[in-house]
Structure formats: structure tokens, C-alpha cells
Amino acid sequence: DSGVTQTPKHLITATGQRVTLRCSPRSGDLSVYWYQQSLDQGLQFLIQYYNGEERAKGNILERFSAQQFPDLHSELNLSSLELGDSALYFCASSAGPAPTFGSGTRLTVV
Amino acid sequence: AQSVTQLGSHVSVSEGALVLLRCNYSSSVPPYLFWYVQYPNQGLQLLLKYTTGATLVKGINGFEAEFKKSETSFHLTKPSAHMSDAAEYFCAVSLASGANSKLTFGKGITLSVRP
């Protein structure tokens with residue numbers, strides 16, 4: 001157990017729908033990162049939050065959004081889902097240079 | 111912008127043989143470098159990292175990597191492969207320190223270990 005908790009582990013939904021992925025960081029970590037892993041694109045950085053504020057943005061689509069709450073947990077919202085959004089979504093947290101990853105949420109869009 | 115190149119997508123070795131997984135990076139400033147391992151249906155686990163100081167870094171499970179600035183490389187090695195080493199390995203680079211460690215990953219290398 002890495003200490004980073006992601007829920008749900010699996011999600012199957014239809015095109016056009018909206019889903020929310022949840023992440024609880026390791027105790028004491030203020031930074032949360034979201035990554036997308038797909039066969040086509042590999043591991044892509046989406047977005048980072050630090051203590052509730054957006055800190056860095058990567059290849060995140062406009063249909064996707066995230067936030068970090070006062071208790072430091074984070075949510076990634078994916079809307080108007082397309083088949084191509086099917087992927088493994090990882091959350092990671094850090095207090096230093098090496099982020100610790102959760103086990104991921106596997107999203108399947110049908 | 112930084113980038114990571116991992117040549118080849120698959121490496122196969124015999125049990126007990128040397129493991130060598132190559133990683134080259136591009137960075138305009140001194141980088142932080144990482145190797146992560148991903149076992150099937152699991153998240154990424156940190157094997158080792160280079161931030162500053164000694165260029166030869168040792169990680170978990172007998173792995174080590176050497177930062178060579180002149181070659182812009184950070185190759186991962188293990189003297190003797192074990193069946194349990196079969197997994198996907200990712201090299202990553204970041205430019206930041208502290209809690210702002212946005213990682214840029216290579217495409218990953220799948221390591222197979224033959225009995």
C-alpha cells in the first residue's frame with residue numbers, strides 16, 4: 001500500500017457521460033498530481049495541485065477539470081466522455097522530489 | 111522542455127543475467143531523474159532517484175543507475191535478473207525540486223525474464 005488511495009478502481013461508462021475520480025494523498029503530502037496512461041500516449045501529466053491551488057497544467061483536455069479540497073483530497077472530473085478517454089488514470093502525491101503513485105482508476109468508455 | 115528517450119519497447123534476459131535498461135534525457139537545466147517500475151495491474155513504484163550528489167544511485171531490489179551528464183544518460187542496471195523483475199520500467203525526468211515534481215516519462219520498457 002503506497003498510502004495514496006484512488007477510488008473507484010474500475011469504472012465503465014458510456015460516451016457522453018461524466019465521471020469523477022477521487023484521490024486521497026499520503027498523509028502530510030500537499031502536492032497532488034494526475035496522470036493518464038494509455039497505450040497510444042503512454043504516461044501523460046495532466047495537472048498538479050499544491051495545497052488547494054493549481055500549480056502546473058499539462059496535456060489536460062478542456063473537458064477535464066480537477067480540484068483539491070481543504071482536506072487535500074483531489075477529484076478529477078471527466079465530462080463528455082469519448083472512446084479515446086479510456087485509460088488508466090493515476091493520482092500521485094509528494095512532499096519531496098519523488099511522487100508516490102496510487103494504484104489507479106481504470107476507465108472504460110463504451 | 112524536458113524529454114526522456116527509452117530505446118526499444120521490450121528487453122528479454124535470462125534469469126541470472128545482467129539487466130540493462132537504457133534511458134537518455136534532454137534538459138536545459140540540471141535534472142532530477144527517476145526510475146519507476148509497474149507490475150501488471152498495479153501503480154508505479156519508485157525504484158531509485160537521482161537529485162544531487164553521488165552519481166551512482168542504488169535503489170530497491172538490487173537495482174542501480176548512474177547519472178552521466180556528458181552522455182545525458184541514466185541507465186538502469188541489475189547484476190543478476192530474477193523472475194520477479196519481469197515488469198514495465200519507466201524512466202522519468204523533472205526539473206523542479208521540493209513539492210513541485212512534475213514528471214515527464216519515457217514510453218517505458220517491458221522486461222521479460224526467461225527461466
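Chains C and V supply the protein sequences, listed in that same order.
Going by the working numbering, the first residue of the first sequence is number 1, and it counts up by one from there.
Going by the working numbering, the first residue of the second sequence is number 111, and it counts up by one from there.
Just so you know, even glycine gets a beta-carbon here, dropped at the ideal spot from N, CA and C.
Interface flag for residue 36 of chain C against chain V is unset, since no Cβ pair is found closer than 9 Å. At a C-beta separation below 7 Å, residue 142 of chain V has these neighbours in chain C: 97.
In the DSSP secondary-structure assignment, residue 47 of chain C is bridged to C/34 and C/57. Residue contact check for residue 200 of chain V against chain C: a CB pair falls below 9 Å.
Bridge pairing for residue 115 of chain V: V/134 [DSSP]. Sixteen is the threshold: since fewer than 16 other Cβ atoms of the shown chains lie within 10 Å of the Cβ of residue 41 of chain C, the residue is exposed. Distance from the CA atom of residue 126 of chain V to the CA atom of residue 83 of chain C, rounded to whole angstroms, is 43 Å. Near chain V, meaning a CB-to-CB distance below 9 Å, the residues of the region 10-43 of chain C are 29, 30, 31, 33, 35, 37, 42 and 43.
Taking a contact to require three or more Cβ pairs closer than 8 Å, the region 112-120 of chain V and the region 45-54 of chain C do not qualify as touching. With contacts defined as CB atoms closer than 9 Å, residue 211 of chain V and residue 98 of chain C qualify as a contacting pair.
Around the C-beta of residue 173 of chain V, 16 or more other C-beta atoms lie within 10 Å, and the residue is accordingly described as buried. Residue 128 of chain V and residue 142 of chain V have their alpha carbons spaced roughly 25 Å apart. Contact fails between the region 72-81 of chain C and the region 166-182 of chain V, because fewer than three Cβ pairs, one in each stretch, are under 8 Å apart.
Using beta-carbon distances, residue 94 of chain C counts as an interface residue toward chain V, with a partner under 9 Å.
What residue 214 of chain V touches in chain C, judged by beta-carbon distance under 8 Å, is 45, going in chain order. At a cut-off of 9 Å, the C-beta of residue 65 of chain C has no neighbouring C-beta in chain V. The Cβ of residue 101 of chain C sits closer than 9 Å to at least one Cβ of chain V. In the three-state reduction of the DSSP assignment, residue 171 of chain V falls in the helix class. Proximity of the region 4-11 of chain C to the region 84-96 of chain C meets the contact definition, three or more beta-carbon pairs being nearer than 8 Å.
In the same chain as residue 59 of chain C, and ignoring 5 residues on each side of it, the C-beta atoms closer than 6 Å to its own belong to 44, in chain order. In this structure, V/135 is the residue among V/225, V/124, V/155 and V/135 with its C-alpha nearest to the C-alpha of residue 176 of chain V.
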